[in-house]
Amino acid sequence: MKFIKPLALAFLLPATFYIAEAKMPTTLTAEARAILSQDSLALNQKLPFDNEVITGKLKNGFTYFIRKNSEPKGRVTMYLGMKAGSILENEKQLGLAHFLENMNFNGLKHFPKNELVNYLQKAGVRFGSDLNAYTSFDQTVYQLPIPSDDPELLKNGLQVMRDWAQDALLDGEEIDKERGVILEEKRGGRGVQQRLQDQYFPMLLNGSLYSKRLPIGTEQILKTFPYTEIRKFHEDWYRPDLQALIIVGDIDPKEMEERVKVLFSDMKMPKKALERKKYRVDLLNKNQFLAISDPELPYTVAQILIKSEKEKVSTVGDYRNELLKNVFNQMIAGRFSELMQQPNPPFMQAGGSISDFVANLNTFSLLVVPKPGELESGFKAMLTEFERIQKYGFTQTELDRAIADMKKGNEMSFIERDKKKSDSYVNRYLNYFIDDEPALSNENAYRLTKQLLPTLKLSEVNGLVKKYYTDLNRDVLV
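In the working numbering, the protein residues as written are 8 to 485.
Printed below as a string of structure tokens:
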């Protein structure tokens, strides 16, 4: 199983983001007309929610999102998203959020012991690539893509989601069997990226509670925790007000909604529900350095990460700011790409980006993969190029090219919206539920971007360098 949701930060080059213009649709929803009928948008106007998904909240607080989508045909993807992860563990529970995720495959009310995996594998669902789950600091997510044209499998798939939500058996014998699996994962069964992450996260997280709640936990607790601790974590946090079921696929949404209401309405809140606090990573206003190594890392990487407070995205103005950052990221990528086209480039790879990090933080990162034995010269070359941007700024030609690329990308995205995979919609609603990110319809995203892209100014893009490339809160990682 995946252990932690991948993060776009250390040791990962920034991804390029493309959005932009398309042909006008022939019809408009009332929602789209309301927000986009004006020549100029009110930047303080709230972003509209996707009106193509059925969503609701049951009396017990359980949330659902259901959408019809026929790509791929004859399939449906179900996700159970939870606003609960390792950050909610107490000192006696370190590692138990992840442990509990594993236990949800080792005994459920309607699928005791290994019956869940056995049943689904016989039905053609592959464990790992299809049936999967992950645990991170603030969330736990279970995923199940299955055929939608098998009524019995569809019924049982919903039952699996219901059992995952609140009906893990947590049998003592099964818990003891799983200890060895988790300990092996901690001792070396995990990939190089996750092992490195365990080393650099405490520094990047500024000694906050997050730095003490890495999902893999501690060996001592994993070996010795009493059954009561994992059962307590389950009772406290596997509850309807922190959960959402997301179903997207080749289905009848109205019929599925009725099934969800019947199956999930009996979920109960704990008698004494604990407050689900939101935790922060405070900025220390100092700079930090860390050098780490791993025998499986095939190259050297050097990275500067500058942390800042994350901006909420809830209005048209916020959305415009996100477009501005994406243009900025693309222009940095273009600069370093030009360097890489030289006959003898000064490094193997380099890049930079502004991206979300953890909790309340953004990072602006600069990264270089130097040639073997040339760390110092490669690092200096990367810094020299960025300092050139800092001193002279980008050019209008670079901005025009980036906007043109984003327009082209948005045009293709909108024209091919009927080919969009169900997974992309699932992640849209998951991010909305977990992180309060905007969930715009395809139509509104296209039209907002179309109107806002031409308003982006070169002075604003260059201003982002000053805003995010600050002298404090820098972490250097090698």
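Think of the CB as a built atom: it goes at the ideal place given N, C-alpha and C, for glycine as much as any other residue.
query	result
For the alpha helix (DSSP H) containing Lys-184, list its first residue and its last residue.	179-191
How should Pro-302 be labelled, buried or exposed, when 16 other C-beta atoms within 10 angstroms of its C-beta is the threshold for buried?	exposed
Could you spell out the range, first to last residue, of the beta strand (DSSP E) harbouring Gln-310?	309-316
Buried or exposed, going by whether 16 or more other CB atoms sit within 10 Å of the CB of Gln-146?	buried
Which residues share a DSSP beta bridge with Pro-152?	Thr-84
Which word fits Arg-194, buried or exposed, when buried means at least 16 other C-beta atoms lie within 10 angstroms of its C-beta?	exposed
Based on DSSP bridge pairs, tell me the residues matched to Leu-484.	Leu-297, Gln-310
Tell me whether Pro-305, by its Cβ, gets closer than 7 Å to a heavy atom of the ligand ATP.	Absence of the ligand ATP from the depicted structure is noted, as is the absence of any ligand whatsoever, leaving it without description.
Taking the C-alpha atoms as reference points, what is the distance between Asn-480 and Asp-443?	26 Å
Between Ala-130, Thr-462, Val-132, Tyr-149, which lies nearest to Asn-139 when the distance is taken from Cα to Cα?	Tyr-149
Measure the CB-CB distance between Gly-114 and Asp-178 and report whether it falls below 8 Å.	yes
Which residues in the same chain have their Cβ closer than 7 Å to the Cβ of Asp-243, if we skip the five residues on either side of it in sequence?	Pro-277, Leu-281
Nearest-angstrom Cα distance between Lys-66 and Ser-272?	7 Å
Can you list, in chain order, the residues of its chain with a C-beta nearer than 8 Å to that of Lys-80? Leave out the 5 residues immediately preceding and following it.	Asp-257
How should Gln-310 be labelled, buried or exposed, when 16 other C-beta atoms within 10 angstroms of its C-beta is the threshold for buried?	buried
Measure the alpha-carbon distance for Ile-189 versus Gly-224 and round it to whole angstroms.	10 Å
Whole-angstrom Cβ separation of Arg-74 and Val-255, contact assumed at under 8 Å?	5 Å
From the DSSP output, in three-state form, read off Ile-223 for me.	coil
Quick check on Arg-82: buried or exposed, where buried means 16 or more other Cβ atoms within 10 Å of its Cβ?	buried
So, at 7 Å on beta carbons, what are the nonlocal neighbours of Phe-401 in its own chain, with the 5 sequence-adjacent residues on each side left out?	Met-338, Leu-465, Val-468, Asn-469
Given a cut-off of 8 Å, decide if Asn-451 and Pro-55 are closer than it, judged by their beta-carbon atoms.	yes
List, from N- to C-terminal side, the alpha helix (DSSP H) runs of 4 residues or more that fit wholly inside the segment 222-260.	226-231, 234-244
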